[in-house]
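Remarks on the structure that follows.
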């Protein structure tokens with residue numbers, strides 16, 4: 149079975165959902181949006197439930213990766229690599245920090261050959277999406293923001309006291325307050341703030357909710373096909389004149405179908421999915437393709453290469469009065485979250501009438517909290533608990549941008565998250581896991597996060613079978629520069645915590661006992677560089693920001709057209725020439741907005757609004 153559309157968009161994540169939504173604003177333009185997952189589950193809307201979307205095959209691709217030099221303390225030495233598998237993609241499983249990146253990131257892209265991608269060029273596309281709800285809690289560079297866009301951007305309500313205290317501590321340590329999404333993110337000293345998050349009224353604002361849900365998905369000219377695992381791009385033409393004509397996909401029931409594109413195919417499968425699809429289609433390094441039995445149609449040596457990701461070390465501290473205990477979080481999810489066998493309320497609600505007064509009061513408070521969130525968007529579950537961040541320069545290089553980020557996480561969480569999502573043996577990491585991760589424990593995690601890594605990894609095919617996950621080699625710390633920066637950021641975290649407001653007593657840094665013994669560390673002492681490096685090599689984790697595997701200048705041109713192939717573009721985080729200095733979700737949505745306008749301008753599609761500058765004459769044919 150096959151169908152023909154003007155555009156076929158593969159992947160309904162941060163970029164693809166936007167592209168399909170914008171192009172289908174023209175009722176004469178037929179758009180197909182293919183997504184391997186389904187519509188998001190109800191829990192996806194709840195910001196604090198984001199971890200439940202990960203390591204869940206319904207909503208997560210379930211990738212793991214070779215971590216390179218690190219991952220020594222992780223199960224099987226493998227790094228988790230969550231990627232969203234549903235309408236909204238990874239915007240449905242992430243921690244919702246809305247961070248654009250440093251203006252210098254984009255100017256460096258343009259200076260490196262990505263014409264049209266300078267900060268001046270991309271700012272209108274950030275603003276086009278954004279629907280910012282102003283808050284007295286943060287500084288805002290008003291001319292750089294938009295209040296009317298479809299994507300909800302807001303500050304959690306109410307603000308967790310610990311998040312405010314983190315900001316105060318960073319200021320005391322020399323990082324000034326400011327708008328990290330503004331036109332000037334400050335000099336080397338950087339900027340600190342509560343997070344602007346992709347939420348609206350306390351609910352997740354994924355690209356599904358912001359751009360597709362409701363009237364858009366009902367458009368007669370937009371066909372959304374879920375459960376569609378795209379297996380290859382359909383290519384025609386002899387060598388040197390290869391053109392994409394559509395895609396082949398497998399339905400949830402195992403049927404093979406195709407969707408044809410009269411104008412263009414757009415791959416928005418993400419930094420892992422898009423290069424894998426190019427490789428499966430015969431676009432990539434010839435020798436690698438032939439080694440797994442894929443016929444090379446276009447020898448493109450950089451497909452899947454230059455993989456970059458952010459890596460952080462979570463420094464854990466006992467934090468009475470600062471950390472949010474799981475009892476409070478569970479209470480805020482409502483009575484159903486408190487039912488047996490895990491909670492104190494009866495498994496059967498019909499037994500509630502016979503509960504003692506204390507449990508009746510507990511149920512009433514849980515009902516009050518969940519009702520407050522449902523009706524007012526307020527409460528503890530209105531954010532992911534990843535609530536504040538700071539950016540600055542370590543002085544070790546990359547002067548075009550900030551090379552360091554610190555994130556504040558207001559909870560130490562539980563064994564399920566540590567062992568499931570983070571792949572950590574909690575009995576090895578903690579001196580007393582049952583006490584440190586108890587439901588009433590109050591602790592915090594401060595994340596040391598270098599954001600301009602020099603190390604590069606790669607994605608290659610495991611086999612020619614589209615059902616097989618690709619081989620993901622992260623090569624973290626492959627370049628020695630990255631460890632130098634990591635140590636500097638870890639030191640800065642310790643400095644920020646040392647400047648915590650005096651009315652709190654933050655406990656000593658928690659060091660895994662086996663590392664403490666190895667390095668002769670005693671509780672409360674200043675850790676040596678050797679100890680911090682060992683901690684990083686054992687317990688660094690991805691920040692879920694893979695990029696650059698189909699980068700501009702190597703795999704695609706500045707118009708995002710695949711080099712050597714006509715009628716085929718890639719539009720997602722994989723096209724970034726270099727990773728931005730911050731969380732990558734906002735920049736990927738910007739790429740989606742800009743790609744939609746490029747496509748519309750090339751093909752005369754009448755979208756509702758153009759915000760960028762477009763040449764008077766353009767061509768829709770790739771340089772082949």
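Residue numbers (our numbering): 149 to 772. Backbone N, C-alpha and C fix where the C-beta goes; we use that ideal spot for every residue, glycine too. Nothing here was measured: the structure is a model prediction, and the numbers come from that model.
Residue 444 beta carbon less than 8 Å from that of residue 560: Here residue 560 refers to the residue found at position 412 when the chain shown is read from its first residue. Here residue 444 refers to the residue found at position 296 when the chain shown is read from its first residue. Contact: no.
Of the residues 701, 576, 330, 269, the one placed nearest residue 220, counting alpha carbons only: Within the chain shown, residue 220 is the residue found at index 72, counting from 1. Closest option to residue 220, Cα to Cα, is 576.
Alpha-carbon to alpha-carbon, residue 595 and residue 626: By one-based count along the chain shown, residue 626 stands at place 478. By one-based count along the chain shown, residue 595 stands at place 447. When the Cα atoms are used, residue 626 and residue 595 turn out to be separated by approximately 21 Å.
Simplified DSSP state of residue 357, which is helix, strand or coil: Numbered from 1 along the chain shown, position 209 holds the residue referred to as residue 357. It is helical.
Alpha carbon of residue 617 to alpha carbon of residue 214, nearest angstrom: Residue numbering aside, residue 617 sits at position 469 when the chain shown is read from its first letter. Residue numbering aside, residue 214 sits at position 66 when the chain shown is read from its first letter. Computed Cα separation, rounded: 13 Å.
Chain-order list of residues whose beta-carbon lies under 6 Å from that of residue 185 (same chain, five-residue window excluded): As a position in the chain shown, residue 185 is number 37, starting the count at 1. Taken in chain order, the residues that qualify are 233, 234.
Check whether residue 240 and residue 207 have beta carbons under 8 Å apart: Locating residue 240 in the chain shown gives position 92, counting from the first residue. Locating residue 207 in the chain shown gives position 59, counting from the first residue. A contact, by the Cβ cut-off of 8 Å.
Candidates 746, 740, 758, of which the one nearest residue 167 by Cα: Locating residue 167 in the chain shown gives position 19, counting from the first residue. Measuring from the Cα of residue 167, the nearest candidate turns out to be 740.
Distance, residue 459 Cα to residue 177 Cα: As a position in the chain shown, residue 177 is number 29, starting the count at 1. As a position in the chain shown, residue 459 is number 311, starting the count at 1. Rounded to the nearest angstrom, the two C-alpha atoms are 41 Å apart.
C-alpha distance - residue 367 paired with residue 743, whole-angstrom precision: As a working mapping, residue 367 is identified with position 219 in the chain shown. As a working mapping, residue 743 is identified with position 595 in the chain shown. Spanning the two alpha carbons is a distance of roughly 21 Å.
As assigned by DSSP and simplified to three states, the class of residue 444: Translated into the one-based positions of the chain shown, residue 444 becomes position 296. Three-state DSSP puts residue 444 in coil, outside helix and strand.
Residue 569 to residue 737 span [Cα, whole Å]: Here residue 569 is taken as the residue at index 421 of the chain shown, counted from 1. Here residue 737 is taken as the residue at index 589 of the chain shown, counted from 1. Those two C-alpha atoms are separated by around 25 Å.
Residues near residue 306 by beta carbon distance below 7 Å, same chain, minus five either side: On the chain shown, residue 306 is found 158 positions in, with the first residue counted as 1. Cβ within range, chain order: 526.
Residue 371 versus residue 152 - alpha carbon distance: By one-based count along the chain shown, residue 371 stands at place 223. By one-based count along the chain shown, residue 152 stands at place 4. Going by the C-alpha atoms only, they are around 11 Å apart.
Between the CA atoms of residue 539 and residue 252 - distance to the nearest angstrom: Walking along the chain shown from the start, residue 252 turns up at place 104. Walking along the chain shown from the start, residue 539 turns up at place 391. Whole-angstrom Cα-Cα distance: 13 Å.
8 Å Cβ cutoff met for residue 722 and residue 423: The residue labelled residue 722 in the question sits at position 574 within the chain shown. The residue labelled residue 423 in the question sits at position 275 within the chain shown. Taking 8 Å as the Cβ cut-off, residue 722 and residue 423 qualify as a contacting pair.
As assigned by DSSP and simplified to three states, the class of residue 223: What you label residue 223 is simply residue 75 of the chain shown in a count that begins at 1. Looking at residue 223 - three-state DSSP - the assignment turns out to be helix.
Through-space distance from residue 419 to residue 348, alpha-carbon basis: Translated into positions along the chain shown, residue 348 becomes position 200. Translated into positions along the chain shown, residue 419 becomes position 271. Using only the alpha carbons, I get a separation of about 27 Å.
Cβ-based neighbour list, residue 191, same chain, cut-off 8 Å, excluding 5 preceding and 5 following: By 1-based counting over the chain shown, the position of residue 191 is 43. Excluding positions up to five away in sequence, the list reads 197, 200, 201.
Proximity of residue 344 and residue 286 at Cβ, strictly below 8 Å: As a working mapping, residue 344 is identified with position 196 in the chain shown. As a working mapping, residue 286 is identified with position 138 in the chain shown. In contact: residue 344 and residue 286 (Cβ atoms closer than 8 Å).
CB-CB length for residue 327 against residue 284, believed under 8 Å: Here residue 327 refers to the residue found at position 179 when the chain shown is read from its first residue. Here residue 284 refers to the residue found at position 136 when the chain shown is read from its first residue. Residue 284 and residue 327 do not touch by the CB rule: their CB atoms are close to 13 Å apart, not below 8 Å.
Closest by C-alpha distance to residue 329, when choosing among 746, 734, 747: Counting from 1 along the chain shown, the entry for residue 329 is found at position 181. Measuring C-alpha to C-alpha distances from residue 329 to each of 746, 734, 747 identifies 734 as the nearest.
Cutoff 8 Å; reference residue 670; Cβ partners in own chain excluding five residues on either side: Residue mapping note: residue 670 aligns to position 522 of the chain shown, counting from 1. Excluding sequence neighbours, residue 670 sits near 664.
Rounded C-alpha distance that separates residue 678 from residue 667: Counted from its first residue, the chain shown places residue 678 at position 530. Counted from its first residue, the chain shown places residue 667 at position 519. If I take the Cα positions, the gap works out to 8 Å.
Element boundaries [alpha helix (DSSP H), containing residue 662]: In the chain shown, the residue the question calls residue 662 occupies position 514. That run of the alpha helix (DSSP H) goes 661 to 667.
Ordered list of beta strand (DSSP E) runs contained in the stretch 358 to 410, each at least 3 residues: 370 to 374, 377 to 384, 391 to 398
Complete alpha helix (DSSP H) runs within the stretch 489 to 561 (minimum length 4 residues, chain order): 505 to 524
Buried/exposed call for residue 579, threshold 16 Cβ in 10 Å: Counting from one through the chain shown, the residue named residue 579 turns up at place 431. Exposed, since its Cβ has fewer than 16 Cβ neighbours within 10 Å.
Cutoff 6 Å; reference residue 163; Cβ partners in own chain excluding five residues on either side: Along the chain shown, read from residue 1 onward, the residue named residue 163 stands at position 15. Cβ neighbours of residue 163 beyond the five flanking positions: 416, 719, 720, 736, 739, 740.
Simplified DSSP assignment, three categories, for residue 283: Within the chain shown, residue 283 is the residue found at index 135, counting from 1. In this structure, residue 283 counts as coil in the three-state DSSP scheme.
DSSP state of residue 468 mapped onto helix, strand, coil: One-based indexing of the chain shown puts residue 468 at position 320. Coil, per DSSP.
Per DSSP, cross-strand counterpart(s) of residue 450: By 1-based counting over the chain shown, the position of residue 450 is 302. According to DSSP, which records beta bridges pairwise, residue 450 is partnered with nothing at all.
Outcome for residue 710 when other beta-carbon atoms lying within 10 angstroms are tallied against a minimum of 16: Numbered from its first residue, the chain shown carries residue 710 at position 562. Under this definition residue 710 is a buried residue.
Three-state class that DSSP yields for residue 239 in the structure shown: Along the chain shown, read from residue 1 onward, the residue named residue 239 stands at position 91. DSSP, read as helix, strand or coil, puts residue 239 in helix.
Given residue 564 as reference, the closest of 613, 474, 643, 536 once Cα atoms are compared: Along the chain shown, one-based indexing puts residue 564 at 416. Nearest option by C-alpha distance: 474.
Helix, strand or coil at residue 597 [DSSP, three-state]: Residue 597 sits at position 449 when you count from the first residue of the chain shown. Residue 597: strand per DSSP, three-state reduction.
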